[in-house]
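Since the structure comes first, as structure tokens, the remarks are kept for the end.
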Amino acid sequence: MHKLERLLRPKSIAVFGGAQAAAVVAQSIKMGFAGEIWPVHPTKDEVAGRKAYRSVADLPGAPDAAFVGVNRHLTIEVIKALAERGAGGAVCFAAGFLETEAYDEDGERLQAELVAAAGQMPIIGPNCYGLINYADGALLWPDQHGGIRLAEGGKGVAIITQSSNIAINMTMQKRGLPIAFLMTAGNQAQTGLSEMALGLIEDERVTSLGLHIEAFDSVAGFERLAARARELKKPIIAMKVGRSEQARQATVSHTASLAGSDAASGAFLKRLGIARVDSIPAFIEALKLLHITGPLPGYKLSSMSCSGGEASVMADSAEGRWVHFPTLTDQHRAHVKSTLGPLVAVANPLDYHTFIWNNEPAMTATFTAMVSGGFDLNMLVLDFPRPDRCSDVDWWATLRAFEAALKTNKAQGAIVSSLPENLPEEYTAGLMARGMVPLFGISEAMDAAQAAAFIGWAWREPQAQPVDTTAAGASEAKRVTPDEAEAKERLIKAGLPVPKGERASNAVEAVISSMTLGFPVALKALGVTHKSEVGAVRLNLKDAESVSAAAHDLLPLGTGLYAERMVRDGVAELIVGFTRDPMFGVVMTLGTGGVLVELLRDSVTLMLPATRDDIEAALRGLKLYPLLEGYRGRPRADVAAAIDAIAGIADFVQKNEGEIEELDINPLIVCAKGKGAWIADALLVLGEKKNG
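Mind the numbering: the sequence shown is residues 1 to 692 in full-length UniProt numbering, read in order.
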């Protein structure tokens, strides 16, 4: 049994406090909770019509769950008493703990005391609203909400959010999403978000899980959660905030929990097979789609509408996404064409025109022919008329035709409204019961389909290795930046592909070194971090005279010179960067390199350890990748050598992660096939060794 079992699915609830506690009692009664409700109050004889008790000691038994809605000092006393009585767990409503550390020196101390008082008893919060169990009607929730209890034997999604107000708003949605459980995480003082999620997905009434994440509680905890979700075939959607600096500041002030960088967070979620969405509407629509269909087997979509305008909007909405509308085969197009008139241009998305509108047999034939193409999700764009001014009688023939087409082909389908308000909430349950997912908004429908398809893809891939977090945490080491010559010497000793080079202290030595290396050479000023910005590098120097002239120009800019053999036959330039993330340890960034790296912003972040397959997939995702494959007749690049080099660099960093703070290889020059990939520039930042 999961340690949160009694708290999440209680048979008895104890409630402490004033107005908020009374609301908890009233909400559980209103929801039809069948278990015991025991209010505790020092002076009142009853709360919301239920007998009140004076203390924890006076309760008839050890409660499965408790809502503690008293001030922060008294909260600690109540939690200690509950733990000693053997309670199953508690929600700590009060604020004023670690989240106030910036302006209240007592907050951190009080949170530590709260955790100590709880001992082995699970607590949620503090600084949170609690949880709603719509499956059993058990509410540890001090406010109104908009949800309804699940029908007997019914199923729904589970949602955990670090914002109580967002949680309330989600219960007010009119999009037809059935919710089985909703929780808020608060400060996660003792029980983290991942542990809460593990407790929820074990419930057979939960089909999928949605997480609104401001900060991760535990890398290992999320890895356990993802593995268990995959085992139970319960997909997870995440809305991870913190892309902007303002959002990161708000996160710190709100929850006082540690947040990794946004790029690393996205890479971590992808590695776990957790789909990420960026808005609350997309979050709800993705959960709804997964609740009905589960993960999709692929990214191929079909769309049908009776409007060319809608077909165009659907096509445009897939632009830049992995989900797409594949071109129909000649045979499939002919099949669909045979069900329509000669004036209809058959394509995907399909505008079937209004010629067959409200002709149920004709629409059934067309829809069945279109859906027969083996798409992973079939969409029917359908906005309903206003019920207060118009009639929707003719719309039901369209729905019946689509339902028949899906059943005939054993296919997955969704009704997509272009405007959310044009799909009445009262229709959603019936549509879902008939196997048609009601999706509100075209963009949100695309987000949902992409999320479901991503999870389907991720679950077909081997499960990733655990993230190496040994270098996680804020580093207090003194940072030292060796010059390029020393950095490259370290890389050469590690067996990495670095062009031959020599240090020089003056123009004469630079010329001698260049002649030894063989022309052409590159000459660089040492001790300069971003050389191209200050003209501290000269390339393709072909004779002694040009080296001598360049040396005289470069000497005043740095601490010495470095002559290096030029890399020839370069096809493309990559950046391979490593930084220490406080949450995830060392993370790797791959992208388009060279002087335009910050302008192009074509990059992807990977967790370590990264396999060769991970690296290859990351390269294939870059906009640069067609260049590596021989774009427009250009030579094909030595991609295998590039992967070898990147994997080797990553291995070097992991072996020295206690010392390396940052490593920036820019560029890694990828040459023509068979000619390798070479580290042309390296910026290494070192710190004191751990425990050293």
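Every residue, glycine too, gets a C-beta built ideally from N, C-alpha and C.
Expected contact under 8 angstroms - CB spacing of residue i and residue j to nearest Å
i      : j      : result
Ala220 : Ile201 : Incorrect: roughly 17 angstroms between the Cβ atoms, too far for contact.
Lys234 : Thr191 : About 20 angstroms separates the two Cβ atoms, so there is no contact after all.
Ala275 : Phe440 : Ala275 to Phe440, Cβ: 18 angstroms. No contact.
Gly156 : Arg205 : 7 angstroms
Leu193 : Ile213 : 7 angstroms
Gly535 : Leu663 : With 8 angstroms as the limit, Gly535 and Leu663 do not qualify as a contact, their Cβ atoms being about 24 angstroms apart.
Distance, residue j Cα to residue i Cα
i           : j      : result
Asn422      : Ala65  : 41 angstroms
Phe181      : Val437 : 20 angstroms
Phe283      : Val586 : 29 angstroms
Ala550      : Ala677 : 26 angstroms
Gln162      : Arg636 : 48 angstroms
Glu573      : Tyr631 : 14 angstroms
Asn409      : Val371 : 7 angstroms
Ala81       : Phe216 : 30 angstroms
Lys531      : Met515 : 23 angstroms
Gln120      : Ala83  : 8 angstroms
Gly17       : Asn169 : 24 angstroms
Ile13       : Met432 : 34 angstroms
Met183      : Asn348 : 41 angstroms
Arg580      : Val685 : 11 angstroms
Asn359      : Tyr299 : 31 angstroms
Leu4        : Leu599 : 49 angstroms
Val639      : Ile124 : 50 angstroms
Ala445      : Arg620 : 26 angstroms
residue 704 : Arg224 : Nothing in the structure corresponds to residue 704, since the chain is present only between 1 and 692.
Gly413      : Met196 : 32 angstroms
Ile132      : Ile79  : 20 angstroms
Gly266      : Phe584 : 11 angstroms
Ser603      : Thr592 : 6 angstroms
Arg389      : Gly430 : 22 angstroms
His2        : Gln144 : 29 angstroms
residue 702 : Arg565 : Limits of the chain in this structure are 1 at one end and 692 at the other, which puts residue 702 out of reach.
Ser513      : Leu561 : 10 angstroms
Gln465      : Leu59  : 48 angstroms
Per DSSP, the bridge partner or partners of residue i
i      : result
Gln662 : Just to set this straight, residue 662 is Glu in the shown sequence, not Gln. DSSP output for Glu662 lists Thr579 and Val685 as bridge partner(s).
Asp351 : Ser305
Gly156 : Val206
Leu554 : In DSSP, Leu554 forms no bridge with anything.
Lys51  : Glu46
Ser603 : Gly591
Ser12  : Glu36
Thr161 : Thr184 and His212
Gly585 : Asp581
Ala275 : Ile237
Limits of the alpha helix (DSSP H) - the one that residue i falls within
i           : result
Glu616      : Arg612 to Arg620
Arg538      : Counting along the chain, Arg538 falls outside any alpha helix (DSSP H), though it belongs to the beta strand (DSSP E) covering Val537 to Leu541.
Thr366      : Glu360 to Val371
Ser303      : Careful: Ser303 lies outside any alpha helix (DSSP H), inside the beta strand (DSSP E) at Leu301 to Ser305.
Met566      : Run containing Met566: none; DSSP gives neither H nor E here.
Ile442      : Ile442 to Arg460
Arg503      : Element bounds for Arg503: not the alpha helix (DSSP H) but the beta strand (DSSP E), Gly501 to Ala504.
Lys234      : Element bounds for Lys234: n/a, residue is neither H nor E.
Thr184      : Segment Ile179 to Thr184 is the beta strand (DSSP E) holding Thr184; no alpha helix (DSSP H) there.
Ala645      : Val639 to Lys655
Tyr631      : Looking at the DSSP string, Tyr631 is not in any alpha helix (DSSP H), and its letter there is neither H nor E.
Glu421      : Note, Glu421: premise wrong, no alpha helix (DSSP H); not H, not E.
Gln27       : Ala19 to Lys30
Val511      : Ala507 to Leu517
Phe283      : Ile280 to Thr293
Asp217      : Element bounds for Asp217: n/a, residue is neither H nor E.
residue 714 : Absent from the model: residue 714. The displayed extent of the chain is 1 to 692, so no value can be given.
Ser194      : Leu193 to Ile201
Ala672      : Careful: Ala672 lies outside any alpha helix (DSSP H) and carries neither H nor E.
Ile492      : Glu484 to Lys493
Glu426      : Glu425 to Ala433
Span of the beta strand (DSSP E), counted from its first residue to its last, around residue i
i      : result
Leu523 : Val521 to Ala525
Ala66  : Ala65 to Gly69
Glu36  : Glu36 to Val40
Gly413 : Gly413 to Ser417
Ala677 : Ala677 to Ile679
Leu139 : Ala138 to Leu140
Residue i: CB within 7 angstroms of a non-hydrogen atom of the ligand SAH
i      : result
Ala485 : Ligands displayed in this structure: none; no statement on the ligand SAH is therefore possible.
For this session: At 4 residues or longer, and completely inside the segment 85-136: list those alpha helix (DSSP H) runs for me, N to C.
Result: 106-118
For this session: Enumerate, from N- to C-terminal direction, the unbroken alpha helix (DSSP H) stretches of 4 or more residues contained entirely within the segment 367-406.
Result: none
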